[in-house]
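Working notes, structure below.
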Amino acid sequence: MNQKVIIFSAPSGSGKTTLVKHALEVVSELEFSISCTTRQPRGTEQHAVDYHFLSPEEFRQKISEDAFVEFEEVYTDKYYGTLKSEVEKIWNQGKVVIFDVDVKGGISLKKYFGEKALSIFIEPPSIAELERRLVSRNTDDAETIKTRVEKAEEELSYAKQFDIIVVNDNLDKAKEKIESLIKGFIGR
Ligand code: ADP
Ligand code: 5GP
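Take 141 as the starting number for the sequence shown in the numbering used here and just add one per residue.
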């Protein structure tokens, strides 16, 4: 069976969510891997659609059961993890898994899946532009934006560990690029 995965990672504000959504719209073979998290749902987010929202106890239980391919404390006390069962479920449907994970998680997933994985790092044109996008997205307070911008500088240093870096400057060009990369990788 054709068991493949596509990994997307990026500093927050680079445009990763926008590009993952686009990939899901234009490549019908893809199915999004729903992660577990201990953070609270935001806005219209739904359990088992956007995330499996777990209590810290439930999350710890899954760690002890070795249920995760990888997990990270992405923000203080906020855990995120990729379930092995989620990947199996998607492969059993004959589909290709697409992951939206933080940079460390992306590197772990690539190590785990090896040749089965295409890992894509979405890079902002500059830190200043990343900050501008976070401000204009208008979903985070000034303190959160400051933390994310500081974290971005460290995350950018990991870009070379990915199979490919896509600079998200012009959005239409970035969309075209990821579409052709994914179609090339899955062989269509
Ligand atoms: P991430 O998931 O990486 O945090 P988002 O996809 O939420 O990023 O994008 C952050 C903000 O930047 C959003 O408001 C999005 O509409 C905007 N954005 C995404 N790509 C571009 C681009 N190429 N040029 C300008 N704005 C962009
Ligand atoms: P958010 O809280 O904004 O939905 O996500 C915060 C960060 O956690 C994003 O960078 C997102 O990609 C990452 N993330 C989501 N799911 C996982 C996961 O299963 N594992 C890891 N390592 N990171 C994840």
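The beta-carbon is built from N, C-alpha and C at its ideal position, and this holds for glycine as well.
**Request:** Could you check what DSSP says for G183 in three-state terms: helix, strand or coil?
**Result:** Here the question's residue 183 lines up with position 43 in the sequence shown. Coil, per DSSP.
**Prompt:** Start and end of the alpha helix (DSSP H) containing V334?
**Reply:** In the structure as shown, the chain starts at 141 and stops at 328, and residue 334 therefore has no counterpart that could be examined.
**Given 8 Å, three or more beta-carbon pairs between the segment 147–159 and the segment 290–310** = The segment 147–159 makes contact with the segment 290–310: 3 or more CB pairs, one atom from each, lie closer than 8 Å.
**Prompt:** Is K156 near the ligand ADP, judged by its Cβ being under 6 Å from some heavy atom?
**Reply:** One-based indexing of the sequence shown puts residue 156 at position 16. Yes, since a heavy atom of the ligand ADP falls inside the 6 Å radius drawn around the Cβ of K156.
**Message:** For the ligand ADP, is there any heavy atom lying closer than 6 Å to the beta carbon of R179?
**Reply:** Here residue 179 refers to the residue found at position 39 of the sequence shown. No; taking the cut-off as 6 Å, the Cβ of R179 has no heavy atom of the ligand ADP nearer than that.
**Message:** List, from N- to C-terminal side, the beta strand (DSSP E) runs of 3 residues or more that fit wholly inside the segment 280–320.
**Reply:** 304–307
**Integer-rounded CB distance, given that F208 should sit under 8 Å from T222** = Locating residue 222 in the sequence shown gives position 82, counting from the first residue. Locating residue 208 in the sequence shown gives position 68, counting from the first residue. With 8 Å as the limit, T222 and F208 qualify as a contact, their Cβ atoms being about 6 Å apart.
**Request:** Indicate, with yes or no, if the ligand SAM has a heavy atom lying under 6 Å from the CB of D281.
**Result:** Inclusion of the ligand SAM in the displayed structure is not the case, the ligand content consisting of the ligand ADP and the ligand 5GP alone.
**Check whether I247 and Q301 have beta carbons under 7 Å apart** = Taking the first residue of the sequence shown as 1, we reach residue 247 at position 107. Taking the first residue of the sequence shown as 1, we reach residue 301 at position 161. In this structure, Q301 lies closer than 7 Å to I247 by Cβ.
**Prompt:** Taking just the CA atoms, how far does D280 sit from S149?
**Reply:** One-based indexing of the sequence shown puts residue 149 at position 9. One-based indexing of the sequence shown puts residue 280 at position 140. Those two C-alpha atoms are separated by around 19 Å.
**Request:** Determine the extent of the alpha helix (DSSP H) in which L270 is found, giving its start and end residues.
**Result:** Working through the sequence shown from its first residue, we reach residue 270 at position 130. For L270, the enclosing alpha helix (DSSP H) covers residues 267–277.
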